[in-house]
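Peer 1:
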Amino acid sequence: MVWVFDHLLFRDAQGPSEGIWECWTVLSALAEATDRVELGTLVLCTAFRNPAVPAKMAVTLDEVSRSRLVLGLGCGWHAPEFEAFGIPFDHRVDRFEEALQIILALLRSGRADFSGRHHRLRDAELRPHGPRPGGPPVLVGARGPRMTALAARYADLWNACWFGSPSGAEATLARVRQTCLREGRDPATLGITLGVNVRVTDGTRSDADGAAPSAADVLGGSPQDVADGLLRYASLGVDHLALNLNPHHRDTQRQLAAALRLYRAASRPTTGVLNT
Numbered sequence: 207m208v209w210v211f212d213h214l215l216f217r218d219a220q221g222p223s224e225g226i227w228e229c230w231t232v233l234s235a236l237a238e239a240t241d242r243v244e245l246g247t248l249v250l251c252t253a254f255r256n257p258a259v260p261a262k263m264a265v266t267l268d269e270v271s272r273s274r275l276v277l278g279l280g281c282g283w284h285a286p287e288f289e290a291f292g293i294p295f296d297h298r299v300d301r302f303e304e305a306l307q308i309i310l311a312l313l314r315s316g317r318a319d320f321s322g323r324h325h326r327l328r329d330a331e332l333r334p335h336g337p338r339p340g341g342p343p344v345l346v347g348a349r350g351p352r353m354t355a356l357a358a359r360y361a362d363l364w365n366a367c368w369f370g371s372p373s374g375a376e377a378t379l380a381r382v383r384q385t386c387l388r389e390g391r392d393p394a395t396l397g398i399t400l401g402v403n404v405r406v407t408d409g410t411r412s413d414a415d416g417a418a419p420s421a422a423d424v425l426g427g428s429p430q431d432v433a434d435g436l437l438r439y440a441s442l443g444v445d446h447l448a449l450n451l452n453p454h455h456r457d458t459q460r461q462l463a464a465a466l467r468l469y470r471a472a473s474r475p476t477t478g479v480l481n482t
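Read the sequence shown against the working numbering and you will find it ends at 482, with the numbers running on by one and no gaps.
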């Protein structure tokens with residue numbers, strides 16, 4: 207599975223601005239360049255686009271990719287990019303809830319009427335409707351209580367980022383399952399996904415190589431150490447991990463591949479829509 211971030215700009219008062227290419231354009235290029243790997247947004251910020259438009263984009267890319275899309279959605283968090291691009295940063299969760307309702311209505315039924323505080327649609331339709339009845343799976347990225355409740359209420363999958371040691375995710379996993387119960391949903395029906403920072407070492411490069419997250423936020427060590435950590439995540443009921451490798455070069459890619467081979471040799475694939 208390949209995930210693409212949706213950001214317009216990273217701006218830190220202590221350093222220079224940074225950025226990445228636009229999410230959906232990159233995802234479309236990946237759909238054309240690949241045949242089997244699933245593709246997803248981690249996560250598409252609904253504030254950046256009129257919410258009916260991502261629904262149209264999603265069914266189109268699902269057709270182009272032959273049903274390989276996972277539509278990850280979120281409300282955004284990096285205030286400087288909102289300010290720089292003139293996008294309202296206030297009432298983000300309220301805006302997101304309306305956007306999510308619109309997107310789901312269009313994906314699942316093909317049409318929507320909506321009148322809210324922030325968004326309005328009148329007899330909107332998705333034509334053509336796309337290859338999958340109900341559209342691609344919808345993931346909601348959430349850490350806070352309101353967003354987690356929306357994930358439990360509406361989404362196929364839930365995601366939170368970024369973690370390191372599996373023990374650091376246990377409380378978050380417990381909260382999302384408790385939220386499902388409060389929302390009247392069986393927790394087993396919500397796909398559990400996490401973003402995990404990974405740093406695989408073999409002693410040939412300095413641990414200081416590359417700009418890495420703090421040690422507490424990294425699943426690190428030898429390929430066997432990392433494989434053991436992945437097995438622990440699986441034992442916690444996590445269906446899918448999005449791995450953020452740092453530093454990212456050929457040597458660390460080879461070490462991560464070794465860790466994944468060890469993990470797969472010691473485990474059976476987890477159940478759910480996605481697998482590690």
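Every residue gets a Cβ at the ideal spot worked out from N, C-alpha and C, and that includes glycine. The structure presented is a predicted model; accordingly, all values stated were derived computationally and were not measured.
Is L345 buried or exposed, if buried means 16 or more other CB atoms sit within 10 Å of its CB?
Peer 2: Buried.
Peer 1: Please name the residue in F291, L279, Q459 and L313 whose C-alpha comes closest to that of V299.
Peer 2: Considering only alpha carbons, the answer is L279.
Peer 1: When the Cα atoms are used, what is the spatial distance from A465 to T231?
Peer 2: Looking at the two C-alpha atoms, the distance is approximately 31 angstroms.
Peer 1: In chain order, what are the residue ranges of uninterrupted beta strand (DSSP E) at least 3 long that sit wholly in the region 264 to 323?
Peer 2: The qualifying runs are 275 to 280 and 317 to 321.
Peer 1: Check whether the region 295 to 312 and the region 355 to 365 are in contact - that is, three or more C-beta pairs closer than 8 angstroms.
Peer 2: Yes: at least three Cβ pairs fall under 8 angstroms.
Peer 1: I need the boundaries of the alpha helix (DSSP H) containing E244, first residue and last residue.
Peer 2: Where E244 is concerned, there is no enclosing alpha helix (DSSP H), given that its DSSP letter is neither H nor E.
Peer 1: So, at 6 angstroms on beta carbons, what are the nonlocal neighbours of R217 in its own chain, with the 5 sequence-adjacent residues on each side left out?
Peer 2: Here the set comprises S223 and P286.
Peer 1: Whose C-beta lies closer than 6 angstroms to the C-beta of N403 among residues of the same chain, with five residues either side of it excluded?
Peer 2: If we look at N403 and ignore the five residues flanking it on each side, its Cβ neighbours are W368, G370, P419, D423, V424 and N450.
Peer 1: In its own chain, which residues sit with a C-beta less than 8 angstroms from the C-beta of N256, not counting the 5 before and 5 after it?
Peer 2: These residues qualify, in order along the chain: H325.
Peer 1: Give the secondary structure of D457 by DSSP, where H, G and I count as helix, E and B as strand, and everything else as coil.
Peer 2: Helix at D457.
Peer 1: Quick check on W364: does DSSP put it in helix, strand or coil?
Peer 2: It is a strand residue.
Peer 1: Kindly list the residues whose CB is nearer than 7 angstroms to the CB of P337, restricted to its own chain and excluding five residues on each side of it in sequence; keep chain order.
Peer 2: Once the five neighbours on either side are set aside, the close Cβ partners of P337 are D268, E269 and S273.
Peer 1: Nearest-angstrom Cα distance between A348 and A375?
Peer 2: Each residue's Cα considered, the two are about 13 angstroms apart.
Peer 1: Excluding the 5 residues preceding and the 5 following G416 in the sequence, name in chain order all residues of the same chain whose CB lies nearer than 6 angstroms to its CB.
Peer 2: Since pLDDT at G416 reaches only 49, below the 50 mark, its modelled position is unreliable, and no value is offered.
Peer 1: Would you say R438 and P372 are within 7 angstroms of each other, going by their C-beta atoms?
Peer 2: Their beta carbons are under 7 angstroms apart, which means R438 touches P372 by this criterion.
Peer 1: Using a Cβ-Cβ distance under 7 angstroms, would T407 count as near chain C?
Peer 2: The displayed structure is made up of one protein chain only, and chain C is not part of it.
Peer 1: Going by the DSSP bridge assignment, what does A330 pair with across the sheet?
Peer 2: Answer by DSSP bridge pairing, in chain order: A318.
Peer 1: Looking only at DSSP bridge pairs, what is T399 linked to?
Peer 2: T399 pairs with N365 and H446.
Peer 1: Drop a sphere of 10 angstroms on the beta-carbon of L332, count the other beta-carbons inside from all chains shown, and report buried for 16 or more, exposed for fewer.
Peer 2: With 16 or more other Cβ atoms within 10 Å, it is buried.
Peer 1: What would DSSP say about L356, mapped onto helix, strand or coil?
Peer 2: L356: helix per DSSP, three-state reduction.
Peer 1: Just to confirm, are D408 and Q459 a CB contact at a threshold of 7 angstroms?
Peer 2: Cβ distance not < 7 angstroms, so D408 and Q459 don't count as in contact.
Peer 1: Could you give the distance in angstroms between the alpha-carbon of E304 and the alpha-carbon of G322?
Peer 2: So the alpha carbons of these two residues sit roughly 7 angstroms apart.
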